[in-house]
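Protein chains in written order, with my numbering: chain A, 33 to 317; chain B, 12 to 160.
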């Protein structure tokens, strides 16, 4: 049976400035982008909010461009846009790899990077990439702009520092240079499945390691990174890793399985990315 | 500010919907325009049965509000008029059994590049589930149809 929508209201701001004014002035507006998460809740009958703000037509929030030492990615950029963008494929291949493994083509054509971050699932596939790349999130409100390190964006399970009157406008990813990048998602199948464990990392002298689905939020693992940077044996780095993550049992997997897979991914990452500055392709299965 | 009627093109014809703005495209297609070839499977973007093309790109019509369809071109299985080479090939080569996935499967296949490799088909159809065929018949049909097009 189709979900009832007659009691729900959609505001159409037309411009980003208009959207920000509405967020400032109106109560309880839920921003709506590609709808690939929101409409799952709608179809399940668990979408409580009744008033929405249509961001999809706001082209000001789209696009991928190089600016000085960063790649700037608009919040409404879809996974398909990321997969196709030459800048992303060349300089941020771990993000293209993550985008290719989100849902199927249908989801990739609508789902957005900003939506993945705003939805805030600890299993979000692009989140470890943004964490490992040390991205900055640009938040806009009617009263201004603030730039927040992605690392400090989440404060708890699906909780963020985003204020009610703010939108995620863009992400800026610093140029990573010639270090190897790694992305791997482990789920029940390659497409569609939600991650049991997802990891992104960069190699080189200052390795960076980020995991999803091993705690209430995406995590960077500074102690594990330090162990790798010091050249400790991988078994030692894996022990540090296991002390830094806190996976749980849930319907997709068990904590024990996640610990084992996380340790294995770390070893695979370090085998691919641990030596030398040579740029190598992201791991593909 | 109040959303007006939504105008778009469906299967080459200009149409207008006055459905509430958050109505799913799927429900407008089936309920308002009687285009019942598009099926609802899971309602969560997993199965792809409701796949239609929006400006040529496959989209789950159960996950988009009609309000986001203003000005776009939508193509449903009816838009292929039963004459697309993929449709004949699916019939002849066992690409369809129970049929519930078939309209969405064909719409996703229409968007594949010409002469797709097996990997291209697997990636392009990853969002479409079929519980009857085991996919071999589907891949055979797509190979045949794209060879002759």
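Backbone N, C-alpha and C fix where the C-beta goes; we use that ideal spot for every residue, glycine too.
| Query | Result |
| --- | --- |
| Report yes or no: is there a C-beta of chain B within less than 8 Å of the C-beta of residue 135(A)? | yes |
| I'd like to know whether the C-beta atoms of residue 154(A) and residue 247(A) end up nearer to each other than 8 Å. | yes |
| Below 8 Å between beta carbons: does that hold for residue 193(A) and residue 182(A)? | no |
| Are the C-beta of residue 109(B) and some C-beta of chain A separated by less than 8 Å? | no |
| Counting only the same chain and skipping the five closest in sequence on each side, list residues whose C-beta sits under 8 Å from that of residue 75(A). | 35 |
| Expressed to the nearest angstrom, what Euclidean distance is found between the alpha-carbon atoms of residue 205(A) and residue 106(B)? | 44 Å |
| Taking the alpha-carbon positions, what's the residue 139(A) to residue 201(A) distance? | 21 Å |
| Reducing DSSP to helix, strand and coil, say where residue 366(A) ends up. | Residue numbering for chain A in the displayed model covers 33 to 317; residue 366(A) lies beyond these limits and cannot be assessed. |
| Kindly give me the distance between the Cβ atoms of residue 258(A) and residue 242(A), rounded to whole angstroms, as I take these residues to be in contact under 8 Å. | Between residue 242(A) and residue 258(A) the Cβ distance is about 15 Å, and since that is not below 8 Å, they are no contact. |
| Could you give the residue range of the alpha helix (DSSP H) that holds residue 213(A)? | Taken as a continuous stretch (DSSP letters only), residue 213(A) belongs to no alpha helix (DSSP H), being part of the beta strand (DSSP E) at 213–218. |
| Where are the beta strand (DSSP E) runs, 3 residues long or more, that stay fully inside the region 63–134 of chain B, in chain order? | 68–71, 84–86 |
| Please look up how many angstroms separate the CB atoms of residue 136(B) and residue 147(B), rounded, as I've assumed it's under 8 Å. | That belief does not hold up - the Cβ atoms of residue 136(B) and residue 147(B) are roughly 12 Å apart, past 8 Å. |
| State the CB to CB distance for the pair residue 256(A) and residue 305(A), rounded to an integer number of angstroms; the pair is presumed to be in contact (CB under 8 Å). | Between residue 305(A) and residue 256(A) the Cβ distance is about 13 Å, and since that is not below 8 Å, they are no contact. |
| Measuring alpha carbon to alpha carbon, tell me which residue in 128(B), 24(B), 29(B) is nearest residue 157(B). | 128(B) |
| Would you mind giving the Cβ-Cβ distance between residue 274(A) and residue 295(A), rounded to the nearest angstrom? I have them listed as a contact below 8 Å. | 6 Å |
| In three-state DSSP terms, what is residue 55(B)? | coil |
| What do you reckon, are the CB atoms on residue 49(B) and residue 61(B) nearer than 8 Å? | yes |
| Quick one: measure Cβ to Cβ for residue 198(A) and residue 172(A), integer angstroms, because I've assumed they're closer than 8 Å. | 7 Å |
| Return the first residue and the last residue of the beta strand (DSSP E) that residue 188(A) is part of. | 186–188 |
| For the region 80–99 of chain A and the region 41–60 of chain A, state whether three or more C-beta atom pairs, one from each stretch, are separated by less than 8 Å. | yes |
| Less than 8 Å between CB atoms is the rule here; does residue 96(B) satisfy it with respect to chain A? | no |
| Looking at C-alpha atoms only, which residue of 280(A), 116(A), 127(A), 253(A) is the closest neighbour of residue 271(A)? | 253(A) |
| Measuring alpha carbon to alpha carbon, tell me which residue in 67(A), 281(A), 236(A) is nearest residue 260(A). | 236(A) |
| State the DSSP-derived secondary structure class of residue 320(A), mapped to helix, strand or coil. | With chain A running from 33 to 317 in the structure shown, residue 320(A) is simply not present. |
| Leaving out five residues on either side along the sequence, give the residues of the same chain with a beta carbon under 7 Å from the beta carbon of residue 209(A). | none |
| I'd like to know if residue 43(B) contacts chain A, where contact means its C-beta is closer than 8 Å to some C-beta of that chain. | no |
| What residues in its chain sit with their C-beta under 6 Å from that of residue 293(A), if we drop five residues either side in the sequence? | 218, 229 |
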